[in-house]
Each structure stands twice: as C-alpha cells, then as structure tokens.
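From first to last, the protein sequence lines stand for chains E and B.
Each residue of the first sequence is one higher than the one before, starting from 358 at the first, in our numbering.
Each residue of the second sequence is one higher than the one before, starting from 38 at the first, in our numbering.
C-beta: ideal position from N, C-alpha, C; glycine also.
Note that the coordinates shown come from a computational prediction; the quantities given were computed from them, not determined experimentally.
Worksheet: one structure, shown below.
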Amino acid sequence: GAVVSQHPSWVICKSGTSVKIECRSLDFQATTMFWYRQFPKQSLMLMATSNEGSKATYEQGVEKDKFLINHASLTLSTLTVTSAHPEDSSFYICSARDPSERTDTQYFGPGTRLTVL
Amino acid sequence: DAKTTQPPSMDCAEGRAANLPCNHSTISGNEYVYWYRQIHSQGPQYIIHGLKNNETNEMASLIITEDRKSSTLILPHATLRDTAVYYCIVDTGRRALTFGSGTRLQVQP
C-alpha cells in the first residue's frame, strides 16, 4: 500500500511556542489529506481536512487560528500548532487518500507525539 | 455516517484464528467496510476493505454477510504482534474516516 510519513515523530516544546508537523505522501499525490488527534485512551478525532491549493476545512470546535494547516503541494501538508499549551499535548496523525486506487483507500502516517511543558 | 458496533475487547491464543465481528446494520449501498488496526503509539494501519464480496489479502480475510449488515475480520494465525485495537469503519472512501472505540485484541502466548 501507499506510504505516508510524518516528521517529527515526537516533539517536546515549551508553552507558548509554535510547533510544525509535516505530513508527506511518499509514493503518490494526494489532493486531500486529513489531520486527526488522539488523546490517551481515546479514539482518533478528525481535526481538519487539508486541500491542496485551498483553505483547510476545520471540524467544529477546532480553532483554525491555533492549528494552521498548509497544503502547498500534492505531497506535503503541514500542521502548525501555534502558541502551544499543555492541553495541546496529544498524538497527531495525518492520513491521505491514494486517488489512483479505485476505492480511495486512506493511509495513515505513523503519528507525531507532541508534549507541551 | 453508518455506525458500527464492535465488542470492546477479545482474547485470542497465539497461532489460532482471531475472528473479530462488526455490526453495521445501517450501511448504505455505496459504503465500503474498512478495517484498520492501531498498535500502541502508532498510526492506524490499513488491513482490508470490501463492498459486498468476501476479500482476502496477505494480512487477513473479510467476510461480509449477504445483507451487508455485519462482517467479520479473520486473522488466520494470530501472533503476538497482532495485539492491537481493531477498527471497523463503513464509509464511501471519499471522506475522512470516523473512528469508533474499536476492539482491543489481546493475543495470548
């Protein structure tokens, strides 16, 4: 199957700083990528849909000014957590659809664990 | 979105087949049944999906009932590395996936 990578795999930052997480589709072009977060002992929750060349669509309750998403190319989407606070500590996961597959299977990155001190 | 119902947890002996059930009684005609698993502290891993026919790949088999209201994921020879949370999701494949609580499969040595 297709491969999606994320960088970094983990990051620790101080409260008030910004953190950028990259999501790349390695062997396919993705016009749409999705960003999820997962808190301990919970399931994945969709944060936003990232569309190449246009603005991201955010889920209800997700602050678009805090979680900046840029999808500047067909293989890269970035999520920037601005002015991070301890409550933003979570596991952030991206996914992308491979449009070349008939049924648009989604593939997930390995995740980025963010810890805000 | 069609919703799914899965048992919260299951145990399986190493080397035996693991059969994970999923109910999706409100599935629509154009929705696929997808199975993913999440090993601790990793992103979800795609396993298999199907529309109405049974499917098999190198990882697992998917059995979908004729009325499509339920399905079973079969891991033919479970290993300790198959210990994970397994998610059954029904979707058209063109939207973000909605994850439920899944089934926590514990493979016992």
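Listed by chain order, chain B residues near residue i by CB distance under 7 Å
i	result
P467(E)	Q79 and G80
L471(E)	Under the 7 Å cutoff, chain B gives no residues; its nearest Cβ is about 13 Å from L471(E).
G358(E)	Y83
F391(E)	A133
I450(E)	G80
Three-way DSSP call (helix, strand, coil) for residue i in this model
i	result
R132(B)	coil
R105(B)	coil
E444(E)	helix
L117(B)	helix
N408(E)	strand
I126(B)	strand
T414(E)	strand
Range covered by the beta strand (DSSP E) that runs through residue i
i	result
P58(B)	A55 to N60
D422(E)	Element bounds for D422(E): n/a, residue is neither H nor E.
M47(B)	S46 to A50
F465(E)	Q463 to F465
T41(B)	Looking at the DSSP string, T41(B) is not in any beta strand (DSSP E), and its letter there is neither H nor E.
L142(B)	T140 to Q145
Q471(E)	A small fix is needed here, since residue 471(E) is Leu in this sequence, not Gln. Unbroken beta strand (DSSP E) run through L471(E): T469 to V473.
H77(B)	Taken as a continuous stretch (DSSP letters only), H77(B) belongs to no beta strand (DSSP E), as it is neither H nor E.
G87(B)	Q82 to G87
Residue i CB to nearest heavy atom of the ligand FMN below 7 Å
i	result
A121(B)	Looking at this structure, you won't find the ligand FMN or any other ligand, since it has none at all.
Residues bridged to residue i (per DSSP)
i	result
M402(E)	R394(E)
E379(E)	H364(E) and T435(E)
I100(B)	T109(B)
I64(B)	Note: I64(B) sits in no beta bridge, so no partner.
E92(B)	L99(B)
S452(E)	F391(E) and F465(E)
S430(E)	L433(E)
Contacts that residue i makes with chain E (C-beta to C-beta distance below 8 Å)
i	result
L57(B)	Near L57(B) there are no residues of chain E at all, since even the closest Cβ is about 16 Å away, more than 8 Å.
S138(B)	S400
Neighbour list for residue i in chain E, Cβ cutoff strictly below 7 Å
i	result
L134(B)	Q463
Near-chain C residues of the segment 393-410 of chain E - C-beta to any C-beta below 7 Å: The chain inventory of the structure shown lacks chain C, comprising the protein chains E and B.
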